[in-house]
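Single-structure report; data block below.
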Amino acid sequence: MLPFEKMSVNEIVSEVHDGALLGVPADYSGVPMSFTKELIKKKIKNLKLYCLPLTTIQGDMLIGSGCVAEIEAAAVSLGEFGQAPRFQDAVINQKIKVRDSTCPALHAQLQATEKSVPFMPLRGIIGSDLLKYRDDWKVIENPMKNSGKVGEEVILLPAVQLDVLVFHATKADKNGNIQIGRRRELATLAHASKKVFVTVEEFTDEDFFQSEVHASASLPALYVDGIAESANGAWPCGLTEKYSPDFDELKTYSLAARNQSSFDSYMKGFLNAENLQAAQ
Amino acid sequence: MLPFEKMSVNEIVSEVHDGALLGVPADYSGVPMSFTKELIKKKIKNLKLYCLPLTTIQGDMLIGSGCVAEIEAAAVSLGEFGQAPRFQDAVINQKIKVRDSTCPALHAQLQATEKSVPFMPLRGIIGSDLLKYRDDWKVIENPMKNSGKVGEEVILLPAVQLDVLVFHATKADKNGNIQIGRRRELATLAHASKKVFVTVEEFTDEDFFQSEVHASASLPALYVDGIAESANGAWPCGLTEKYSPDFDELKTYSLAARNQSSFDSYMKGFLNAENLQAAQ
Amino acid sequence: MKRYEIKFEEILISILCDLLSDDNHVAVGAASPIPGAAALLAKEEQKQIRKKLRVTILHSLRFNNFTDGARELFDCAAQGRIDTFFLGGVQIDHEANINLVGTGKYPRLDKRFSGSFGSALMYYVIPKVILFREEHSPRTLVKKVDFISAPGISDKNLYRPGGPKYLLTNKALFSFNKRNRRFCLEQIAPGLNQYDIKKQTGFEYDINNQINNFALPSKSRLDILRKIIAPMVSEFYPHFAKKIWFS
Amino acid sequence: MKRYEIKFEEILISILCDLLSDDNHVAVGAASPIPGAAALLAKEEQKQIRKKLRVTILHSLRFNNFTDGARELFDCAAQGRIDTFFLGGVQIDHEANINLVGTGKYPRLDKRFSGSFGSALMYYVIPKVILFREEHSPRTLVKKVDFISAPGISDKNLYRPGGPKYLLTNKALFSFNKRNRRFCLEQIAPGLNQYDIKKQTGFEYDINNQINNFALPSKSRLDILRKIIAPMVSEFYPHFAKKIWFS
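Line order of the protein sequences matches chains A, B, C and D. Residues in the first sequence are numbered consecutively from 953, following my numbering. Residues in the second sequence are numbered consecutively from 953, following my numbering. Residues in the third sequence are numbered consecutively from 13, following my numbering. Residues in the fourth sequence are numbered consecutively from 13, following my numbering.
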């Protein structure tokens, strides 16, 4: 008996249902691209993406493939390769609903769920037009006597619980603990998700909890519902200390995505490739 | 030029002033006992201790030595060696003010300062007598429409900023980063303190940020105002992966502290010992 | 192995172990060697029938599953990821209110104890809280506690998925009935009868029709406890382990 | 080294560098090679006069001082531990409101851009925010932004220790005066005059009496930039570094 649930990427995909609120990690946090590929193949529909705090190619591909109904994010772009064309197109043509946010609000809404409180306060935001379109955010006057400014207005953000989180990581140890290093936003995401699945470059025989230093770099197995091995699973995105982003491929994508038909033919190749390309 | 401030333990002590709100780590987080010894020698007065979330011998010694006016904690005890006698005596004889709290509230108040928000919500507590004696805590009805229970009552806890935090750790790297391992409550404490000083077993030539795993075990130097070397600096408390608590000494203390005169003579020996005893 | 060889602590461990059989995640706070040993015993027995029980023992490095600092226990509990936790009490009353602060009229106490620890959240959010207080006397089990560190029951308008389910002392095991807000006597320690319990309990309680004596651990359970669990307990409660098993 | 050899990006880096000389901690967000290079240059120059400037570059592993995940930048800024940060803007208006979301009437936009990132907090809490937008034209510097990602100024009843201090484009450097809610023209790019700036700016602004051309980097600064800073920038902005220095 394994101390954790070993799955295939496709088994993870089968745990994500139409309409799910899916946690999406930023480009620096381990983008689960091999999972995303299978998710698109499955023709999933009406996903709601919750980006912490942004998405790049993962979100743009899912949107361009018609899988997304709604997205909550602080930014959607292709980073160095400019704007995210399928996202732009979907917004302009009102194919998706965007809940425009700001990075710290996306963190705070998950921290509320992490602590199981109904809301989290935040400063800033008031005076931004973001607030006009967020009827789930609420402005109150600071009710505290000796903390904060007297009479200051503060925003309360609702607790958001994700249905599913999937991310890609370097390795899992023999007990199902995941090495996340400094990417602690993955822990916040996991704490705030009903289900958590992880793709990893490799399973190792290590026990991360044998040393305090290594333990501190881990997401404990208790938050993880299943793990799949997937070498180069973030390609063409990069994975910290493992491989850089595949800049050529990302550039190719950014050009192809400029219109739907060239995007479609790019995706045909991407989805049918037997294996993911080896990254350096 | 060193990239950080190297100090002596006495120089750290001179940064702590009468009446300061001092952050006090739990017995598992690196108790700065060599600092505490010098602080008592300095005859500091009217300290307010903020314990995250509890204190053992450090708090009891400071209280018994007349250094403390107020303490906020979820618990004060000598752990395996029973109640904290100088604390008990000071409470019964009303020599100190106790702000009785509960662990998650002590964490949340610092998290509010970490995020620079005036308050942090928390569930629980309502119905506990703790609330009756905390006029800095405020009960509100959940104002959110779709988050939490409709009409539920929630406590708001004030943001608390510490004047000074001092803790003991295994090592500092050549850039002044501190290895804290899994003791991430030390990061929360540091984020919420105006000044942070650390005593360490040793300075090393390492650069913790050379690897993601090691970096993730570190408190960044940017939160640290000064570091002093102090071998066995937690003695007679323990230090994770370095040395166990000195059970014999802790037991000796627990017996001596039962009344003020035997405490006083114990402290005479403790304060005048040239060096801290070697721990195994 | 003969009956008289069983230590009383082993019986308590065994009773607590029986209460954990349906759990997925049991957490044990500081200074709780008997609950800690019970949780590890349950984990080992579950493993032998190929079920997984996760045990988090805060006082241990090896059995501490957390990496987000001291607040993670509370966050994790509030998220609903911990099934069972243990709490004590200087005083416990008939409505399962617990007092960890002191006796007398707060804040002018007659006797001060350590404090409420995390009880004012944990008691609210963990579905199965087991109260464990070895001393069973009219001064520990009282009609009304002098200070409520955490209440046994809350109003409907509060978020409270958790609360007390059992109370174990060195004399008896009670269950707690949330609806009628009363404890119910379930088991009695060997050598005692219902009258002894009544005399030593400061509050009123119901009595189960089928009241039993404390169940004694089976030989196979004792073997596991002594051979596998005792050395584990030595890691984080060396003094307790030495006293019970290695002296 | 002759003047015509200086790249225009190097001038921008040098101007930004001059704005950082009093700082203790400068943070640089994603996709900001010129601010990133400027911050590292300032750090190196400070080091040579034995002063310490801390630089946090989010896009880098080596210059990322954080260990608490992606939220630490925002928490750290809110705590008042970051002196200077850089923000851009699809549009910037006369009151220093910035728009990172799109043009047209939200939510039915004509053109959509990436989004507000962390601006809706960072702009409020960091004392010296430097707006950096290379394109200087009536479509980027507008009378009124179509969407306020973050406002330049806030009401008194808000907590707002931070805000805009400068705006640098490829044509001019402005300071921002919080009291009269206007930008003030301070420096002009080589080869341009005040009339050129006026024509290319969609909003009104004040003009400093002593208006200068962009200061050019000294030879020693250029040496540091090319020999020490350029290789560092290669680590996290390889394409930018290659374009400017290694092609």
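The C-beta atom is built at its ideal place from N, Cα and C for all residues, glycine as well.
(request) Specify the secondary structure class of A/M959 as computed by DSSP and reduced to three states. (result) In the first sequence, counting from the first residue as 1, residue 959 of chain A sits at position 7. Here DSSP, grouped into helix, strand and coil, assigns A/M959 to strand.
(message) Can you tell me whether D/T213 is helix, strand or coil according to DSSP?
(response) As a first step, residue 213 of chain D must be located in the fourth sequence, where it is residue number 201. DSSP places D/T213 in coil when its eight states are reduced to three.
(request) Return helix, strand or coil for C/S187, following the three-state DSSP convention. (result) Counted from its first residue, the third sequence places residue 187 of chain C at position 175. Strand, per DSSP.
(message) According to DSSP, simplified to helix, strand and coil, what is B/G1019?
(response) As a first step, residue 1019 of chain B is located in the second sequence; it is residue number 67 there, counting from the start. The residue you asked about is not Gly; residue 1019 of chain B is Cys in the sequence shown. Correct three-state label for B/C1019: coil.
(message) Taking CB distances under 7 Å as the criterion, tell me whether B/K958 reaches chain D.
(response) Taking the second sequence and counting its residues from 1, the one referred to as residue 958 of chain B is at position 6. Look at B/K958: its C-beta is not under 7 Å from any C-beta on chain D.
(request) Determine the DSSP secondary structure at C/Y178, reduced to helix, strand or coil. (result) Translated into the one-based positions of the third sequence, residue 178 of chain C becomes position 166. Three-state result, C/Y178: strand.
(message) Within 7 Å of any Cβ in chain A, is that where the Cβ of C/D8 sits?
(response) Limits of chain C in this structure are 13 at one end and 259 at the other, which puts residue 8 of chain C out of reach.
(request) Would you mind telling me which residues of chain A sit closer than 8 Å to C/H37, beta carbon to beta carbon, in chain order? (result) Residue mapping note: residue 37 of chain C aligns to position 25 of the third sequence, counting from 1. Going along chain A in sequence order, the residues near C/H37 (Cβ under 8 Å) are L1174.
(request) Have a look at A/S1213, A/G1018 and A/F1071 and flag the residue whose alpha-carbon is nearest the alpha-carbon of A/I992. (result) In the first sequence, residue 992 of chain A corresponds to position 40, counting from 1. The residue with the shortest Cα to Cα distance from A/I992 is A/G1018.
(request) Determine the burial state of D/N77: buried for a count of at least 16 other Cβ atoms within 10 Å of its Cβ, exposed for fewer. (result) Sequence index remark: in the fourth sequence, residue 77 of chain D carries index 65 (1-based). Buried: at least 16 other Cβ atoms inside 10 Å.
(request) Quick one: grab the DSSP three-state call for A/G975. (result) As a working note, residue 975 of chain A is residue 23 in the first sequence. Correct three-state label for A/G975: strand.
(message) Do D/D35 and D/T96 count as a contact pair if the criterion is CB distance below 7 Å?
(response) For the purposes of this step, residue 96 of chain D is taken as residue 84 along the fourth sequence, with counting starting at 1. For the purposes of this step, residue 35 of chain D is taken as residue 23 along the fourth sequence, with counting starting at 1. For D/T96 and D/D35, yes; Cβs fall inside 7 Å.
(request) Name, please, each residue of chain C whose Cβ falls closer than 9 Å to the Cβ of A/P955. (result) Along the first sequence, read from residue 1 onward, the residue named residue 955 of chain A stands at position 3. Near A/P955 (Cβ distances below 9 Å), the residues of chain C are K64.
(message) As an exercise, report each continuous beta strand (DSSP E) stretch of at least 3 residues that is fully enclosed by the segment 1012-1084 of chain B, in chain order.
(response) 1020-1025, 1049-1052 and 1071-1074
(message) What would DSSP say about A/N1129, mapped onto helix, strand or coil?
(response) Translated into the one-based positions of the first sequence, residue 1129 of chain A becomes position 177. Coil, per DSSP.
(message) According to DSSP, simplified to helix, strand and coil, what is B/C1003?
(response) Taking the second sequence and counting its residues from 1, one reaches residue 1003 of chain B at position 51. In the structure shown, B/C1003 adopts extended strand secondary structure according to DSSP, grouped into three states.
(message) Check whether chain B comes within 7 Å of D/Q58, counting only Cβ atoms and requiring the distance to be less than that.
(response) Position 46 of the fourth sequence, counting from 1, holds the residue named residue 58 of chain D. It does not: the Cβ of D/Q58 has no partner Cβ on chain B nearer than 7 Å.
(request) Just tell me which of C/R191, C/K190 and C/F186 has its CA closest to the CA of C/Q206. (result) Translated into positions along the third sequence, residue 206 of chain C becomes position 194. The candidate whose alpha carbon is nearest that of C/Q206 is C/F186.
(request) Tell me, please, whether the CB atom of A/K1123 is closer than 7 Å to any CB atom in chain B? (result) Against the first sequence, residue 1123 of chain A aligns to sequence position 171. No - not a single Cβ of chain B is within 7 Å of the one on A/K1123.
(message) Counting only beta-carbon separations shorter than 7 Å, does A/L1082 have a partner in chain D?
(response) Looking up residue 1082 of chain A in the first sequence gives position 130. Cβ-Cβ to chain D under 7 Å: yes for A/L1082.
(request) Would you mind sorting C/F144 into buried or exposed? The rule is 16 or more other CB atoms within 10 Å of its CB. (result) Within the third sequence, the letter at position 132 stands for residue 144 of chain C. Classification for C/F144: buried.
(request) Give the DSSP-derived three-state secondary structure of C/F98 in the structure shown. (result) Residue mapping note: residue 98 of chain C aligns to position 86 of the third sequence, counting from 1. Strand, per DSSP.
(message) Excluding the 5 residues flanking A/R1210 on each side, which residues of the same chain have their C-beta closer than 6 Å to its C-beta?
(response) Reading the first sequence from its first residue, position 258 is the one you call residue 1210 of chain A. Excluding positions up to five away in sequence, the list reads P1037.
(request) Figure out for me which residue from A/F1199, A/A1167 and A/K1194 has the closest Cα to the Cα of A/P1188. (result) As a first step, residue 1188 of chain A must be located in the first sequence, where it is residue number 236. Nearest of A/F1199, A/A1167 and A/K1194 to A/P1188, Cα basis: A/F1199.
(request) Using a Cβ cut-off of 7 Å (strictly closer), state whether A/S1168 contacts chain C. (result) Numbered from its first residue, the first sequence carries residue 1168 of chain A at position 216. Output row for A/S1168: interface = yes.
(request) Using only alpha-carbon positions, find the residue among C/A82, C/P139, C/F86 and C/L153 that is nearest to C/Q103. (result) Here residue 103 of chain C refers to the residue found at position 91 of the third sequence. Checked all of C/A82, C/P139, C/F86 and C/L153; the closest Cα to C/Q103 is C/L153.
(request) Please confirm if C/Q91 has its CB atom under 7 Å from at least one CB of chain A. (result) Residue 91 of chain C sits at position 79 when you count from the first residue of the third sequence. So, interface residue.
(request) Taking B/P1095 as part of the alpha helix (DSSP H), name the residues at either end of that continuous run. (result) In the second sequence, residue 1095 of chain B corresponds to position 143, counting from 1. Taken as a continuous stretch (DSSP letters only), B/P1095 belongs to no alpha helix (DSSP H), as it is neither H nor E.
(message) Going by the DSSP bridge assignment, what does A/A1180 pair with across the sheet?
(response) For this step, residue 1180 of chain A is matched to residue 228 along the first sequence. Looking at the DSSP assignment, A/A1180 forms a beta bridge with A/M959 and A/T1151.
(message) Counting beta carbon pairs with one atom in the segment 119-134 of chain C and one in the segment 177-185 of chain C, are three or more of them shorter than 8 Å?
(response) no
(request) State yes or no: is the beta carbon of B/P1110 nearer than 7 Å to at least one beta carbon in chain A? (result) Taking the first residue of the second sequence as position 1, residue 1110 of chain B is located at position 158. With 7 Å as the cut-off, B/P1110 counts as an interface residue toward chain A.
(request) Over the uninterrupted alpha helix (DSSP H) stretch that includes A/P1110, give me the two end residues. (result) Against the first sequence, residue 1110 of chain A aligns to sequence position 158. Premise fails: A/P1110 lies in the beta strand (DSSP E), E1105 to P1110, not in any alpha helix (DSSP H).
(request) May I ask you to report which of helix, strand or coil DSSP gives C/I9? (result) This structure gives no information on residue 9 of chain C, because the portion of chain C shown stretches from 13 to 259.
(message) Is there a C-beta anywhere in chain B that falls below 7 Å from the one on C/I160?
(response) On the third sequence, residue 160 of chain C is found 148 positions in, with the first residue counted as 1. Interface residue, yes.
(request) Please report the Cβ distance between B/T1151 and B/D1125, rounded to the nearest whole angstrom; I am assuming they are in contact, meaning their Cβ atoms lie under 8 Å. (result) Residue mapping note: residue 1151 of chain B aligns to position 199 of the second sequence, counting from 1. Residue mapping note: residue 1125 of chain B aligns to position 173 of the second sequence, counting from 1. That belief does not hold up - the Cβ atoms of B/T1151 and B/D1125 are roughly 15 Å apart, past 8 Å.
(message) For the structure I just gave you, are there three or more beta carbon pairs, one from the segment 1078-1096 of chain B and one from the segment 1105-1125 of chain B, closer than 8 Å?
(response) The answer is yes - the segment 1105-1125 of chain B touches the segment 1078-1096 of chain B, with three or more Cβ pairs under 8 Å.
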